[in-house]
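The next block holds one structure in the form of structure tokens; read it before the comments.
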Amino acid sequence: MNGKPVAVITGASRGIGRAVAIALASEGFDIAAIARSVDSEGMEILGPEVEKHGGQFFPIGLDISCTKCHKEVVSNILDRYGRIDFLVNNAGVAPLQRSDLLEMTEESYDRVININLKGPVFFAQKIAKEMIWMKSQISSYNPVIIFITSVSAVLTSVNRTEYCISKAGLSMATSVFADRLSKEGILVCEVRPGIIQTDMTIKVKDKYTKMINDGFVPQKRWGLPEDIGKAVGSIARGDWNFSTGMVFEISGGLNIHKL
Numbered sequence: 293m294n295g296k297p298v299a300v301i302t303g304a305s306r307g308i309g310r311a312v313a314i315a316l317a318s319e320g321f322d323i324a325a326i327a328r329s330v331d332s333e334g335m336e337i338l339g340p341e342v343e344k345h346g347g348q349f350f351p352i353g354l355d356i357s358c359t360k361c362h363k364e365v366v367s368n369i370l371d372r373y374g375r376i377d378f379l380v381n382n383a384g385v386a387p388l389q390r391s392d393l394l395e396m397t398e399e400s401y402d403r404v405i406n407i408n409l410k411g412p413v414f415f416a417q418k419i420a421k422e423m424i425w426m427k428s429q430i431s432s433y434n435p436v437i438i439f440i441t442s443v444s445a446v447l448t449s450v451n452r453t454e455y456c457i458s459k460a461g462l463s464m465a466t467s468v469f470a471d472r473l474s475k476e477g478i479l480v481c482e483v484r485p486g487i488i489q490t491d492m493t494i495k496v497k498d499k500y501t502k503m504i505n506d507g508f509v510p511q512k513r514w515g516l517p518e519d520i521g522k523a524v525g526s527i528a529r530g531d532w533n534f535s536t537g538m539v540f541e542i543s544g545g546l547n548i549h550k551l
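Residue numbers (our numbering): 293 to 551.
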């Protein structure tokens, strides 16, 4: 059994997932990095970055919405390392096309919900069961599950309704997992990013830049993937072990209610 803690990160090849993987490698974790394709340029770049920061890199291909594939992926990680200490459920997509709520298609809704909500919930369920067993086998074992959501969990966007619903559902998933797993000694938290500079937001960069400059974000800047990585790293260090169910909103002040 590997003596180092192991972090599993979905959507690891770019953006927030990439920053989280590097942050956790810096905190002493080996990294099982999950992405739709292990042959992507992002995964090729990530491997050396993880290793540079001291982590062993294990790339895994998985479409998170394929729930029947979860068992094999988890088994492969356990065969390699013998443990899973930290899960970051980060994989997510935006609608292929933004459209008004009244024009939203069932196809788009199903795609977003399956990737952003259904897949992460059942992946967390599978890993949680393994963590419960490992808790009885490994001394000083402090497992953690993180759900990466979005301010869209609480802020409406009528032209991407399916995304908002998926993130609101994932926020509730954090709460129910935290409730159920607290007695098992598993910490569960939500990290809720604001407007972050990633591939997902590049198509609306000009729109959001204007909103930020006009004061929509109180701290008046784009969020960076590294901002999220730092938050997850803080949780990984054990700084928040008495905070299960907590929402860490990293949004530059979008959580401030103001007139």
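Where a beta carbon is used, it is the ideal one built from N, C-alpha and C, also for glycine.
So which of the options has the shortest CA-CA distance to residue i?
i, options, result
"Gly320", "Asp471, Gly530, Ala386 and Ile438", "Gly530"
"Ser543", "Ser474, Phe508 and Ala528", "Phe508"
"Ser357", "Ile337, Asn408 and Glu364", "Asn408"
"Ile437", "Val446, Ser449, Leu516 and Gln417", "Gln417"
"Asp371", "Lys360, Thr359 and Phe350", "Phe350"
"Ser442", "Ile323, Ile520 and Asn368", "Ile520"
"Ser391", "Ala383, Tyr401 and Gly384", "Tyr401"
"Pro412", "Ala445, Glu395 and Phe439", "Phe439"
"Ala299", "Ala465, Pro517 and Val342", "Val342"
"Leu462", "Asp491, Val480 and Pro435", "Val480"
"Arg375", "Leu338, Arg472, Trp532 and Gly295", "Gly295"
"Ser305", "Glu422, Gly353 and Ile488", "Gly353"
"Glu395", "Arg452, Glu364 and Gly477", "Arg452"
"Asp491", "Ala386, Ser535 and Met538", "Ala386"
"Tyr433", "Phe378, Arg484 and Asn382", "Phe378"
"Ile369", "Gln389, Ser474, Met335 and Asp322", "Asp322"
"Arg484", "Ala420, Leu447 and Val365", "Leu447"
"Pro510", "His549, Phe534 and Met426", "His549"
"Ile527", "Gly515, Ile487 and Leu316", "Leu316"
"Glu518", "Thr359, Thr501, Gln489 and Glu422", "Gln489"
"Lys360", "Leu393, Gly307 and Phe415", "Phe415"
"Lys459", "Ile504, Ser329, Asn406 and Gly339", "Asn406"
"Thr466", "Gly537, Gly339, Thr501 and Ser449", "Gly537"
"Phe639", "Tyr373, Lys475 and Thr493", "The first residue shown for the chain is 293 and the last is 551, placing residue 639 beyond what the model contains."
Per DSSP, which one or two residues make a beta bridge with residue i?
i, result
"Glu541", "Arg484"
"Val509", "Beta-bridge pairing links Val509 to no other residue."
"Leu479", "Val436"
By the DSSP assignment, the beta strand (DSSP E) with residue i in it spans what residues?
i, result
"Gly339", "Not the beta strand (DSSP E): Gly339 falls in the alpha helix (DSSP H), residues Glu333 to Lys344."
"Gly295", "Where Gly295 is concerned, there is no enclosing beta strand (DSSP E), given that its DSSP letter is neither H nor E."
"Asn381", "Phe378 to Asn381"
Please state whether DSSP places residue i in a helix, a strand or coil.
i, result
"Pro387", "coil"
"Phe321", "coil"
"Ile430", "coil"
"Gly515", "strand"
"Thr441", "coil"
"Gly521", "helix"
"Ile352", "strand"
"Ile326", "strand"
"Leu447", "coil"
"Thr302", "strand"
"Leu551", "coil"
"Ser526", "helix"
"Met492", "coil"
"Trp532", "coil"
"Leu393", "helix"
"Gly307", "helix"
"Leu409", "helix"
"Leu546", "coil"
If I follow the unbroken alpha helix (DSSP H) through residue i, where does it start and stop?
i, result
"Ile405", "Glu398 to Ile405"
"His362", "His362 to Tyr373"
"Thr466", "Thr453 to Leu473"
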